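Protein chains in written order, with this note's numbering: chain C, -6 to 274; chain V, -6 to 274.
Where is the CB? At the ideal position from N, CA and C, for every residue including glycine.
These numbers come from a predicted model, not from an experiment.
This report refers to the structure that appears directly beneath it.
Number of protein chains: 2
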Amino acid sequence: MNEAQIIEWIRRHAAPPTRDLVLGIGDDCAIYRPRRKEDQVFTTDFLIEDVHFTRDIYAPEAAGHKALARSLSDLAAMGADPRFCLLSLAMPPMLDPAWLERFLRGFLKLAKKHGIALAGGDLSRAPKVVCDVMACGAVPEGKALRRDGARPGDVIYVSGRLGKPWQTHQKPAPRIDFGRLLRGRATAAMDLSDGISMDLHRLCKASGVAASLDHIPLVKGASLEQALHGGEDYELVFTMPPRLKPPKGGIRVGVIERGDPGLINFEEAALAPLGHDHFRD
Amino acid sequence: MNEAQIIEWIRRHAAPPTRDLVLGIGDDCAIYRPRRKEDQVFTTDFLIEDVHFTRDIYAPEAAGHKALARSLSDLAAMGADPRFCLLSLAMPPMLDPAWLERFLRGFLKLAKKHGIALAGGDLSRAPKVVCDVMACGAVPEGKALRRDGARPGDVIYVSGRLGKPWQTHQKPAPRIDFGRLLRGRATAAMDLSDGISMDLHRLCKASGVAASLDHIPLVKGASLEQALHGGEDYELVFTMPPRLKPPKGGIRVGVIERGDPGLINFEEAALAPLGHDHFRD
């Protein structure tokens, strides 16, 4: 397929544009008409062959699913409703068209499930598959969940058990519905994309607080190490004042405290932020 | 530098957030509050090592400039004011930090010039430098320039001479100011990123019209071939009813006609759309 044919295939298989999307795929830019009294949230996430997935053992649909799930998980962390996305995709010219089609089907199936319109993107060639997904979501004005609002005394929760083993056919579900329930209730939230030791450290640093972890809920078969430092959970970590109840499924893991910003205490010692860093020294 | 250090460097060197940007670099998403009665336009463009530039002969600042210029040129083609951008950057872990710093300086200098805020992005590793830039612009409601409005009888113009020779230190200027002047006047517009033979073909196809080219304005030293099929001009091609005058600097190149959608006549023959296609069969 040439560039025009790939774009035409995507246009035919993507869900029809939503009411906010004035113009979708096919022009220099997509045109979007924002709704009144809403804030927008924007994120972009890479999915790179041999970094985030491998083509030999990953199902193409799972890779396409994951490409969008990473960005949707960031929208969930802000408590946002998904609105539209852009897909940038670079690949080897000789890539098997069947692989590409299955990759795109995985992507578009998840997009349809969450009602997020594919509004445009870019195509290019590259020695390996490189995908970058920009997603836009919306929240009522001033209601986006941020990292920097946690206060001493707040209780720390996660949206589900941690340490899911990595599976090549895994299609993690971004916690969009859960995130929506946190609006106006959570004082801070983020998604667990790099492991709770790293991500809670970041949340605490942004909020200028410390934390004590007292309980790590494990999925069956997971080790504590995987749950603390693993990075494929797509669960949310969030904080709420003790007088509020978390949404159903929320599990208490600790409490926010005064102390060195970013310091996490666990089992009477400081927990090192060992989660994922692409450029660790 | 590790991931946190690179993000901190970018945050320190980026221009301060603009008034629309509620929250910039550092959370799961950027938060943006759209202005009333405006449409937004969104584009995303790759800049990939050994595809769009080479690290051995391209000045790093020129590569960084080009990364943003490609997206800004798309905003110009819609007649939009630049608002904010997201930078996704993947690179080899052993990349010379001095190269990265100079690349980012080239990017941020152009961002500052056009008042576009860097609101966030993503960092990853990859065997080669891969950059993907999402840019958001804004226009008064309903005023975005599209490809699909050209009508028979409209005059075709370009915003400047074509066929600029490729230079490794070249810092092409996206035609933001020119695009703004076309709002409410041009019936169709797009930027010349893949050569006028290909791009005018696309404009005509989207508008369901044909075109006759009668004059190709060349930069000094350019061949007709370079001007027709070259892809580094960053000029705009646009159409206007004959009763309107183009903005200063606009050069007439032909006229829109009834005929096979996308057919371009030049020197009494059909002009093949030979511009750039990453996946030509």
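The continuous beta strand (DSSP E) containing residue 114/V extends over residues 110 to 118.
Near chain V, meaning a CB-to-CB distance below 8 Å, no residue of the segment 151 to 179 of chain C qualifies. Straight through space, the alpha carbons of residue 155/C and residue 110/C are spaced by roughly 30 Å. In this structure the segment 44 to 60 of chain C lies against the segment 84 to 101 of chain C, because at least three pairs of beta carbons, one per stretch, are closer than 8 Å.
The alpha-carbon separation between residue 175/C and residue 183/C amounts to approximately 11 Å. In the three-state scheme derived from DSSP, where H, G and I count as helix and E and B as strand, residue 40/C is classed as strand.
Here residue 213/V is exposed: its Cβ has fewer than 16 other Cβ atoms, across all protein chains shown, within 10 Å. For residue 227/V, no CB of chain C lies under 8 Å from its own CB, so it is not counted at the interface with that chain. If you check each beta-carbon in the segment 22 to 34 of chain C against every beta-carbon of chain V, the ones closer than 8 Å belong to 22, 23, 24, 25, 26, 27, 29, 31, 32, 33, 34. Contacts with chain C at 8 Å (Cβ-Cβ) do not include residue 148/V. Close to residue 117/V, with beta-carbon spacing below 7 Å, are these residues of chain C in chain order: 39, 41, 44, 271. Segment contact: the segment 234 to 245 of chain V against the segment 188 to 202 of chain V, fewer than three CB-CB distances shorter than 8 Å; contact not assigned. Within the model, the alpha-carbon separation for residue 74/V versus residue 173/V is close to 7 Å. Counting C-beta atoms within 10 angstroms of its own C-beta, residue 31/V has 16 or more neighbours from the protein chains shown and is therefore classed as buried. Each residue's CA atom was taken as its position, placing residue 149/V and residue 267/C some 59 Å apart.
For residue 11/C, there are no neighbours in chain V by C-beta distance under 9 Å, as the nearest C-beta there is about 14 Å away. In the three-state DSSP reduction, residue 18/C falls in the coil class, being neither helix nor strand.
For the pair of segments examined, the segment 131 to 145 of chain C was found not to touch the segment 42 to 55 of chain C: the number of CB pairs separated by less than 8 Å stays below three. A distance of 8 Å or more separates the beta carbons of residue 13/C and residue 126/C. Taking a beta-carbon distance threshold of 8 Å, residue 17/C does not count as an interface residue toward chain V.
Interface annotation for the segment 187 to 201 of chain V against chain C: 199, criterion Cβ-Cβ distance under 8 Å. Under the 8 Å criterion on CB atoms, residue 233/C is classed as non-interfacial with respect to chain V. Around residue 68/V, the beta-carbon contacts reaching into chain C at under 9 Å are 21, 22. Runs of the beta strand (DSSP E) lying entirely within the segment 26 to 91 of chain C and spanning at least 3 residues, in chain order: 31 to 41, 74 to 84. Here the alpha carbons of residue 147/V and residue 235/V stand approximately 6 Å from one another. Contact note: residue 8/V does not reach chain C at a C-beta cutoff of 8 Å; the least C-beta distance is about 17 Å.
Put simply, the segment 86 to 98 of chain C does not touch the segment 1 to 9 of chain V. Fewer than three CB pairs are less than 8 Å apart. In the structure shown, residue 191/V adopts helical secondary structure according to DSSP, grouped into three states. Between the segment 19 to 26 of chain C and the segment 206 to 222 of chain V, the count of Cβ pairs shorter than 8 Å is below three; the stretches do not touch.
Between the beta-carbon of residue 185/V and that of residue 230/V there is about 6 Å, and that keeps the pair under the 8 Å contact cut. For residue 203/V, the uninterrupted beta strand (DSSP E) run begins and ends at 203 to 206, by DSSP. Annotation for residue 125/V: the continuous beta strand (DSSP E) segment containing it runs 123 to 133. Boundaries of the alpha helix (DSSP H) harbouring residue 170/V: 169 to 175, taken from the DSSP string. As summarised for the segment 208 to 255 of chain C, the continuous beta strand (DSSP E) elements at least 3 residues long and confined to that stretch are 229 to 233, 244 to 250, given in chain order. Contact of residue 134/C with chain V by beta-carbon distance below 8 Å involves 26.
Residue environment: residue 84/V is assigned as buried (16 or more neighbouring CB atoms within 10 Å of its CB, all protein chains considered).
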